Structures are given as C-alpha cells and as structure tokens.
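The next block holds one structure in the form of structure tokens; read it before the comments.
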Amino acid sequence: MRGMHHGHGGHPHGKHHRGGPMGEGREFRGGGMGKRMFEHGHLKLLVLSLLQEQPRHGYELIKAIEELAGGDYAPSPGVIYPTLTLLEELGQASVSEHGGKKKYAITAEGAVLLEAERETLERIRARLAAAGSVADARRSPELQRAIHNFKMALHLRLAKGELDAEATARITAAIDHAAQEIERS
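Numbering-wise, the sequence shown is residues 1 to 185 according to UniProt numbering.
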C-alpha cells in the first residue's frame, strides 16, 4: 500500500492498527504488548458510554478515549466514524449538525444496551485505566533503564548459544523471582 510503512510482521507501526468498524482486530501497541485493546463490539460500548456522559463530535470521542488510556492509545478516525455510523444505523445514537459538524448523542435504545452490558463496560474501562497506568510507569526513566538492562542481559546470554538444563533453571528462577517481587510491590 502506498505511503504505509510496515515493520516486523507486516503491521503498520503506531498506536493502533486498522480494524473493523467496532475495533476488532486492533492491537494495543503501547509498549509492544500486542494485546487487542478492544474485543468485538467493545469500542461500540465505550463510545455509547461516552455519549451517555455528553453528546460529542467524533474528534472529542477520540480524545476522550485517548485520555482514558493515559495517552497511550487513541482510536483512528477510520474506526471511530464507522462506529458512529453503525450506532446511528442501529438506532443507538442520534446525530445532529452544529456549525457544519456532526454531534452524536445516545438514544434510549443505546442506553438500554449500555445497561444490559454494564459489567462488560466496567471491564473495558478497567482495561483502559490499566493501560494508562502502564503508560505512566513506562515514562519513568529509572524503570526504562532497568527494563533495557534486563532485556540486554537476557539477549546477550541467549546469544552465547544453547542453555543447558542448569542454566535454564537458574535464569527461569531469577525471572520468576523478579516477577513475584514486582507483583508484591
């Protein structure tokens, strides 16, 4: 595709990847986690919840989601606007024009869906909040240095060649111990 640069695995670099109209297929790229930020239909629920707070333009929705994710993820206009169109077609959102811009609001039908999916929405928002916390932690220079040091040490050791069972056990134990310490902190 002209103008699109692809990195490892043939995926475009950035905070988001192309996906379907509700965010399916998109990957959360912050820190290379590789996990999808939204499962099928989850972006639709998040957009409805933001519209329930107040009517918004598409750009305002992008910024609100980016803020919820601590600045580490922002859906593209190519995902938000088709989602808004779908919500309008399903009768879950209405649209009005103000100054040449479309402003979207939740409908009664959209509110009913949100109420039925309250637990799912809570999980979606918790995941976004966690992404924001991870983004904040990654900005710490000390943590960045330590992570880089760990990766480099492991890379250099693995580059030396095959690991025997004893070396594998020691490295695995050290990583497991570090993970437990991190979980306790």
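Virtual Cβ for every residue (Gly too), placed ideally from N, Cα, C. Fair warning: this is a prediction, and the values are worked out from it, not measured in the lab.
{"Check": "Is the beta carbon of E117 sitting closer than 8 Å to the one on Q92?", "Outcome": "no"}
{"Check": "My parser needs the alpha helix (DSSP H) runs of 4 or more residues fully inside the region 116-174; what are they?", "Outcome": "118-138, 141-159"}
{"Check": "So the alpha helix (DSSP H) Y59 belongs to, where does it begin and stop?", "Outcome": "58-68"}
{"Check": "Between the beta-carbon of Y104 and the beta-carbon of L86, is there less than 8 Å?", "Outcome": "no"}
{"Check": "Taking the straight line between their C-alpha atoms, what separation do you get for Y59 and S140?", "Outcome": "29 Å"}
{"Check": "For V79, count neighbouring Cβ atoms within 10 angstroms of its own Cβ and tell me buried if that reaches 16, exposed if not.", "Outcome": "buried"}
{"Check": "Within the same chain, show all residues whose beta-carbon is closer than 8 Å to that of G32, passing over the 5 residues directly before and after it, in chain order.", "Outcome": "For G32, the predicted structure reports a pLDDT of 40, less than 50, and the residue's modelled location is therefore unreliable. A value from the coordinates is still provided. Excluding residues within five positions, none has a Cβ falling inside 8 Å."}
{"Check": "Rounded to a whole number of angstroms, what is the C-alpha to C-alpha distance between I171 and Q52?", "Outcome": "50 Å"}
{"Check": "Could you name the residues of the same chain whose beta carbon sits closer than 8 Å to that of R125, not counting the 5 residues immediately before and after it, in chain order?", "Outcome": "L46, S49, L68"}
{"Check": "Would you say the beta carbon of L45 is closer than 7 Å to some non-hydrogen atom of the ligand ATP?", "Outcome": "Annotation note on the ligand ATP: not contained in the displayed structure, which lists no ligands."}
{"Check": "Quick check on A108: does DSSP put it in helix, strand or coil?", "Outcome": "helix"}
{"Check": "Provide the residue span of the alpha helix (DSSP H) that contains L49, from first to last.", "Outcome": "In the sequence under discussion, the amino acid at residue 49 is Ser, which differs from the Leu named in the question. It spans 42-53 - the alpha helix (DSSP H) in which S49 sits, taken as one unbroken run."}
{"Check": "Of all the options I182, G99, H148, which has the alpha carbon lying nearest to the alpha carbon of H57?", "Outcome": "G99"}
{"Check": "Report the rounded CA-to-CA distance for A174 versus G161, giving the unit in angstroms.", "Outcome": "19 Å"}
{"Check": "What's the call for I182, buried or exposed, on a 16-neighbour Cβ count within 10 Å?", "Outcome": "exposed"}
{"Check": "Between L90 and H42, what straight-line distance do the alpha-carbon atoms span, to the nearest angstrom?", "Outcome": "15 Å"}
{"Check": "Compare the beta carbon distance of A169 and D72 with 8 Å and say whether it is the shorter of the two.", "Outcome": "no"}
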